[in-house]
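Below you'll find the structure, written out as C-alpha cells, and then a few comments.
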Amino acid sequence: MEVRPVDGTDDLSGTTPAFCVDGMLGRLAKWLRILGYDAEFPCSDPSPERIFITMRKSGVRPPASVRRVPPGHVWKPGGILLSADIRLTSHETLHQLRQIFDEAGIRPDPCRFLSRCVVCNVTVRCVTIDRVIDRIPKGVLEITEEFTECPRCGRVYWEGTHPIRIRTRLKEAGLDLE
Ligand SMILES: [Zn+2]
314 MEVRPVDGTD DLSGTTPAFC VDGMLGRLAK WLRILGYDAE FPCSDPSPER IFITMRKSGV
374 RPPASVRRVP PGHVWKPGGI LLSADIRLTS HETLHQLRQI FDEAGIRPDP CRFLSRCVVC
434 NVTVRCVTID RVIDRIPKGV LEITEEFTEC PRCGRVYWEG THPIRIRTRL KEAGLDLE
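Residue numbers (our numbering): 314 to 491.
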C-alpha cells in the first residue's frame with residue numbers, strides 16, 4: 314500500500330507513515346508508539362494523512378438506509394462510514410503489528426525504538442542524568458547513562474530490562490529490530 318508522509322516535526326524521514334488506531338486496539342497503539350510510530354488512539358475520525366487501522370466489527374448492523382457496508386469500510390455508530398486502510402485479521406497484538414508492517418511496507422527501525430512517549434504519543438527528548446536522577450530507580454545508572462524524557466508528561470525512558478524483553482518478543486514475531 315501507499316505510505317503517506319505526515320507533516321510535522323515528529324517525522325524523522327519524511328516518508329514515515331502515521332497511524333490512526335481504532336478503539337479497542339489500545340495495546341496495538343502502545344506497541345506502535347514503542348516502535349516510534351505516531352499512533353493516534355482512540356481515533357474514530359482519521360485524517361487522510363493517517364493509515365486507519367481497524368478490526369472487522371461483528372454484530373454491528375448498518376441502518377436500513379445502508380444495505381451493507383462496502384468492502385474496506387467500517388460502520389461507525391455516529392452514522393459515518395469509514396474506509397479502513399488496514400483491516401486486521403488477528404486478535405493477537407504482535408500478529409497485528411506484523412500485518413501492519415507488511416501492509417505498510419515498512420520494517421522496524423532501531424533508530425525509532427523508544428523515541429516516542431507510549432502515553433502521550435509525542436517524540437521524547439534526550440536529557441542529562443542530573444535532570445532525571447530523582448526520578449529513576451536505584452541501580453539504573455549501572456545499566457545505562459542515556460535517558461529520554463517526554464516533554465508533555467515528564468516520563469523518563471531508558472534502555473533497561475523491559476526494552477530487552479520487548480526486543481525479544483518482537484524478534485519472535487519476525488519483527489527484528491537489529
Ligand atoms: Zn508522555
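In this text, a Cβ means the ideal position worked out from N, Cα and C, and glycines have one as well. All values derive from a computational prediction rather than experimental measurement.
Cβ-Cβ distance between residue i and residue j below 7 angstroms
i, j, result
"I456", "G467", "no"
"L348", "P464", "no"
"E494", "V469", "Outside the displayed range of the chain (314 to 491) lies residue 494, so it cannot be described from this structure."
"N434", "R340", "no"
"L490", "F426", "yes"
"A486", "R411", "yes"
"P361", "A417", "no"
"T406", "W344", "yes"
Cβ-based burial, residue i [other Cβ within 10 Å; buried from 16]
i, result
"V334", "buried"
"I399", "buried"
"I477", "exposed"
"D267", "The question about residue 267 has no answer here: the residues shown for the chain are numbered 314 through 491."
"I364", "buried"
"D351", "buried"
"V432", "exposed"
"C424", "exposed"
"I413", "buried"
"C356", "buried"
"T367", "buried"
"T402", "exposed"
"T481", "exposed"
Beta bridge counterpart(s) of residue i as assigned by DSSP
i, result
"E462", "R438 and V469"
"T367", "R400"
"A331", "R363"
"A342", "The partner list for A342 (beta bridge, DSSP) is empty, contrary to what the question assumes."
"A417", "Looking at the DSSP assignment, A417 forms no beta bridge with any residue, so it has no partner."
"A352", "F332"
Report the residue ranges of all beta strand (DSSP E) runs contained in full by the stretch 425-460; include only those spanning at least 3 residues, in chain order.
438-440
Who's in the neighbourhood of ligand 1, going by beta-carbon under 6 angstroms from any heavy atom, listed in chain order?
These are the residues, in chain order, with a beta carbon less than 6 angstroms from any non-hydrogen atom of ligand 1: C430, V432, C433, C463, R465, C466 and R468.
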